[in-house]
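Colleague: If you read the sequence shown in this note's numbering, its first letter stands for residue 1, the second for the next number, and so on.
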Amino acid sequence: MAGTAGLFRRRFVPVVNLPRRQFLKVATLAGASAALFRPFAEASGSSGVPAGGFPSGQNFPATYLYWQTQARALLEPLARLFVPGRASLDIHGRASANGANADRLESFARPLLLAAHYLQSAPEAGSEDFRSEVARWFREGLVLGSASTGPQAWGPDANYHQLHVEMGLLSLSLQIAPEQLWVPLAAAEKDQVAAWLATARHTGYVDNNHYFMGIHILEFLDRHGYGQRTDRALVDEYFYRLEAMNRGGGWFQDGINQAFDYYNAYAFNFYGLWWARLHGEKNPARAKRWREWARSFTRDYQHFFAASGEHPAFGRSITYRFNSIATFGLSVLEDCCDLPLGRIRRLCTRNLDFFTSKPIYQDQGCLAIGWVDRFEPSAELYTGAASPYWAAKGFSPLLLPPTHEFWSAPEEPLPSELGDHAHVIKPAGLVVRSAGGEVEIVNAGSQISHTNLRYGAWKWSKTAYRSNAAFTYAFPEQTTWSPDSALTIDLEDGRNYGRHSTVALEMDSEHVLYSWALGYAWPMNSAPSQLNVGIDTGVWWKAGWIFQLHRFDALQTVAFRLGGYALPLAEPAVERTADAHTLAAWSRKGQGTVLQPLGGFIRQDWDQRLDESRPRAHLASPFHVTPLALSDQSSGKGWLAALAWTGNDRGESAPWKWVSAKSGQWSLWHPKLGSWQINHSLLPASAPDAAR
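1. Nearest by alpha-carbon distance to ALA122: which of GLU179, ILE489 and ASP649 is it?
2. Which of the three DSSP states, helix, strand or coil, is assigned to LYS672?
3. What residue range is occupied by the uninterrupted beta strand (DSSP E) comprising PHE552?
4. Going by Cα to Cα distance, which pick from GLY436, ARG241, SER387 and GLY255 is closest to PHE305?
5. Considering only their Cβ atoms, is the gap separating PRO622 from GLY564 smaller than 9 Å?
6. I need the straight-line Cα distance from PRO377 to ALA661, nearest angstrom please.
7. For the alpha helix (DSSP H) containing ASP222, list its first residue and its last residue.
8. Is it a yes or a no for the segment 456-466 touching the segment 486-502, going by three-plus beta-carbon pairs under 8 Å?
9. Nearest CA to the CA of GLU417: which residue from ILE602, GLU310, LEU81 and THR472?
10. Looking at LEU555: is its Cβ nearer than 9 Å to the Cβ of GLY534?
11. Quick one: grab the DSSP three-state call for ALA685.
12. With DSSP run on the structure shown, which of helix, strand or coil describes TYR271?
13. Excluding the 5 residues flanking MET524 on each side, which residues of the same chain have their C-beta closer than 6 Å to its C-beta?
14. Could you tell me which of GLY592, ALA585 and HIS581 sits nearest to ARG603, measuring between CA atoms?
15. Can you name the residues that DSSP bridges to PRO597?
16. By Cβ distance below 8 Å, which residues in the same chain neighbour ALA654 in space, the five residues on each side in sequence not counted?
17. According to DSSP, what are the bridge partners of VAL432?
18. DSSP three-state call for GLN677: helix, strand or coil?
19. What span of residues does the beta strand (DSSP E) with TRP516 cover, start to end?
20. If you run the structure through DSSP and keep just helix, strand and coil, what is ASN532?
21. Short of 7 Å in beta carbon distance, which residues of its chain neighbour ASP90, apart from the five on each side in sequence? Order them along the chain.
22. Could you pull the start and end residues of the alpha helix (DSSP H) that PHE375 belongs to?
23. Looking only at C-alpha atoms, which of GLU438, ASP493 and LEU453 sits nearest to ALA470?
24. Can you name, in chain order, every residue of its own chain whose Cβ lies under 7 Å from the Cβ of THR298, other than the five neighbours on each side?
25. Rounding to the nearest angstrom, what Cα-Cα distance links LEU114 and HIS216 in this structure?
26. In this structure, what does DSSP give as the bridge partners for ARG603?
27. I need the straight-line Cα distance from PRO410 to PRO284, nearest angstrom please.
28. For PRO77 and CYS366, which I take to be in contact (beta-carbon distance under 8 Å), what is that distance rounded to the nearest angstrom?
29. Taking ASP353 as part of the alpha helix (DSSP H), name the residues at either end of that continuous run.
30. For the beta strand (DSSP E) that LYS190 lies in, which residues bound it at each end?
31. With three or more C-beta pairs closer than 8 Å as the rule, is the segment 352-368 touching the segment 90-106?
32. Rank SER88, ASP353 and TYR382 by C-alpha distance to the C-alpha of ALA73 and give the top, closest one.
33. Could you give the distance in angstroms between the alpha-carbon of PRO615 and the alpha-carbon of GLN192?
34. Between which two residues does the alpha helix (DSSP H) containing LYS288 stretch?
35. Once you ignore the five residues that flank SER127 on each side, which residues in its own chain have a CB closer than 8 Å to its CB?
36. Any idea what DSSP makes of PHE471, helix, strand or coil?
Here it is as structure tokens:
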């Protein structure tokens, strides 16, 4: 590793911080030559590179060079942490609950995935030394860490351990860039790495997407001559369990987690396609299934991205950020995506730009835990300092050679740029709608299992999740619900509860209806030990507004609390107004939140953080305000109704007026949006409070 320190002290220019148009102009003028491009040497298929490589001095497409530069910009801070004789990176940040060895391996394996995507790309001019040193450090670390003993050894796998999650990822990286990471190893070194990976052969896996890790470890061992006779039966069984999680259209319920969230992109439609590419010849019918599932999934999934490129924060592992786009590049590579290439490239580039242009870095320049900035309280129990580098999957477009049409196809607008609309995804119980270029997930049926309560039920249980709004956290996670964009209950003893399990009953492009219950049989030694408030909820939408009606049957005395959207604030200054029926708040940037209670509430309030007297709770901003509507303490049957809005258009934020309110038919009018008639048997005959 002689000379490594000097090489990495020469800081790479952070092109990522340039405005995108400015960068592309510079990149177009920059020459780039390439040696022979050999991605996936162990997989079938042509790389699409001209015989003999690119002619000296031939430019790469500007968009390809841009993506490549972004990958290197993220690698540079990691490379400055390379220490010869080490098999981990000293990335500053919190420790996970998985143990020191798992965190050490994670700090190696996840950056390795980023390095693999970069290393297999067509070499750009002047990158030879950097590429060589990156590959060498990871190869040497792989040998040190996989040793059975020694201070750098990661240790063997064990039942339900995080180690095999990182092992599965590592085995993929070795197959993404084999010429740089695996082929140069000596035979004895390969034997050692294989023996270490084989410690995961018999261990137990969590009943969710983790089965993929066992599959990819065993397939890697088999490909390189380290397989056992029983491995094929294990792979088949793991696939049987994974495919049983399929609910249709390429959507999977994540096993014991019971959720439908971004793990459909992070894991199922990523690992499944990787298996099809690397090992699909072993079972062509299975490979075809996973490719077709990915094709269906991307048709739905394109609707999740706002015009800005942001996808709404929703579910767990939010800190993986642009991991969300992982499926797109891989599905193009596998020829199982029928979306326009120019649209996919625009979507992926905007998502990458959205995050890399934000302050998402910690003091070393490495990716930090959080969403649009560093916010370590957003971490799950399993999240460590290196966890955000699973975002490396988002560089899947770099798997496509620079000659691929993906890089030159004319850009096409995202669905969110084509006007307001709603897209129904019945298998997942989700409706994804766009309004004014933003995107909102209306969650009718994604479950919140007992297991996921420890991560905060509010990551799945809110009425809706909007881009450019995010949401607030609540601590401790397992026993507290945050109030924004949600209906919760407060008990007389101070406890509060929110939505837990849920079942979608009706879904279309104008509304959803779902059934759920508030309460939980925890703790069993408290009074009441069993709490049950049954709810039927209907949600309708128009422009930036959602209308929600909740029919309840409370078996105990409770007070309801309904929250509007949490307004993110970069500074504590906020403009607020309130009258008998409407609460509104505006940031200095011109973003607002409005709550218009309609029936069942007796007073209004705010949930807020406007100083340092309480811990930060908003995912995307240090301060926030959330308008609240509260009911009195009561039991029995009743109903609650409200309208909520967020956006930047003050004209659209004006309150609605009532035209009529009949059983099964309510009619509203808005000074900018016009009339809105809502027809449904859930609607009560009583006139809303606002009409009295």
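The beta-carbon is built from N, C-alpha and C at its ideal position, and this holds for glycine as well.
Modeller: Taking the coordinates as given:
1. Within the sequence shown, numbered from 1, the residue matching residue 122 stands at position 122. When each option's Cα is compared against that of ALA122, the closest is GLU179.
2. Within the sequence shown, numbered from 1, the residue matching residue 672 stands at position 672. Coil, per DSSP.
3. The residue labelled residue 552 in the question sits at position 552 within the sequence shown. 545-563 is the span of the beta strand (DSSP E), which, as asked, contains PHE552.
4. Here residue 305 refers to the residue found at position 305 of the sequence shown. Taking only the C-alpha atoms, the option nearest PHE305 is GLY436.
5. Along the sequence shown, read from residue 1 onward, the residue named residue 564 stands at position 564. Along the sequence shown, read from residue 1 onward, the residue named residue 622 stands at position 622. The answer is no: Cβ separation not under 9 Å.
6. Translated into positions along the sequence shown, residue 377 becomes position 377. Translated into positions along the sequence shown, residue 661 becomes position 661. In a straight line, the C-alpha of PRO377 is about 44 Å away from that of ALA661.
7. The residue labelled residue 222 in the question sits at position 222 within the sequence shown. ASP222 -> alpha helix (DSSP H) spans 211-223.
8. yes
9. Your numbering for residue 417 matches position 417 in the sequence shown. The option with the nearest alpha carbon to GLU417 is GLU310.
10. Translated into the one-based positions of the sequence shown, residue 555 becomes position 555. Translated into the one-based positions of the sequence shown, residue 534 becomes position 534. The answer is yes: Cβ separation under 9 Å.
11. The sequence position of residue 685 within the sequence shown is 685, counting from 1. Coil, per DSSP.
12. Along the sequence shown, read from residue 1 onward, the residue named residue 271 stands at position 271. Helix.
13. Here residue 524 corresponds to residue number 524 of the sequence shown, with the count starting at 1. With a pLDDT of only 49 at MET524, under the threshold of 50, the placement of this residue in the model should not be trusted; the figure read from the coordinates follows. Nothing listed; no residue qualifies.
14. Walking along the sequence shown from the start, residue 603 turns up at place 603. Among GLY592, ALA585 and HIS581, the Cα nearest to that of ARG603 is on HIS581.
15. Taking the sequence shown and counting its residues from 1, the one referred to as residue 597 is at position 597. ALA642.
16. On the sequence shown, position 654 is the one that residue 654 refers to. Correct list, in chain order: HIS670, PRO671 and LYS672.
17. As a position in the sequence shown, residue 432 is number 432, starting the count at 1. For VAL432, which the question treats as bridged, DSSP gives the partners HIS423 and ILE441.
18. For the purposes of this step, residue 677 is taken as residue 677 along the sequence shown, with counting starting at 1. GLN677: strand per DSSP, three-state reduction.
19. Locating residue 516 in the sequence shown gives position 516, where the first residue counts as 1. Per DSSP, TRP516 belongs to the beta strand (DSSP E) from 511-518.
20. The sequence position of residue 532 within the sequence shown is 532, counting from 1. The answer is coil: DSSP assigns ASN532 none of H, G, I, E or B.
21. By 1-based counting over the sequence shown, the position of residue 90 is 90. Excluding positions up to five away in sequence, the list reads LEU81.
22. Here residue 375 refers to the residue found at position 375 when the sequence shown is read from its first residue. No alpha helix (DSSP H) holds PHE375; DSSP gives it neither H nor E.
23. Indexing the sequence shown from 1 puts residue 470 at position 470. Comparing Cα-Cα distances from ALA470 to each of GLU438, ASP493 and LEU453, the minimum goes to GLU438.
24. Locating residue 298 in the sequence shown gives position 298, where the first residue counts as 1. Counting only Cβ-Cβ distances below 7 Å, and skipping sequence neighbours, we find THR327, PHE328, SER331, CYS337 and LEU339.
25. Within the sequence shown, residue 114 is the residue found at index 114, counting from 1. Within the sequence shown, residue 216 is the residue found at index 216, counting from 1. Between LEU114 and HIS216, the C-alpha separation is close to 18 Å.
26. For the purposes of this step, residue 603 is taken as residue 603 along the sequence shown, with counting starting at 1. Answer by DSSP bridge pairing, in chain order: LEU630.
27. As a working note, residue 410 is residue 410 in the sequence shown. As a working note, residue 284 is residue 284 in the sequence shown. Rounded to the nearest angstrom, the two C-alpha atoms are 33 Å apart.
28. Residue mapping note: residue 77 aligns to position 77 of the sequence shown, counting from 1. Residue mapping note: residue 366 aligns to position 366 of the sequence shown, counting from 1. So it is a contact: roughly 5 Å between Cβ atoms.
29. The residue you call residue 353 lines up with position 353 of the sequence shown. Looking at the DSSP string, the run of the alpha helix (DSSP H) that includes ASP353 is 341-356.
30. Sequence index remark: in the sequence shown, residue 190 carries index 190 (1-based). Element bounds for LYS190: not the beta strand (DSSP E) but the alpha helix (DSSP H), 187-197.
31. yes
32. For the purposes of this step, residue 73 is identified with residue 73 of the sequence shown, where counting begins at 1. Comparing Cα-Cα distances from ALA73 to each of SER88, ASP353 and TYR382, the minimum goes to ASP353.
33. Within the sequence shown, the letter at position 615 stands for residue 615. Within the sequence shown, the letter at position 192 stands for residue 192. Their backbone Cα atoms lie some 47 Å apart in a straight line.
34. The sequence position of residue 288 within the sequence shown is 288, counting from 1. 284-301 is the span of the alpha helix (DSSP H), which, as asked, contains LYS288.
35. Sequence index remark: in the sequence shown, residue 127 carries index 127 (1-based). These residues qualify, in order along the chain: ARG72.
36. On the sequence shown, residue 471 is found 471 positions in, with the first residue counted as 1. In this structure, PHE471 counts as coil in the three-state DSSP scheme.
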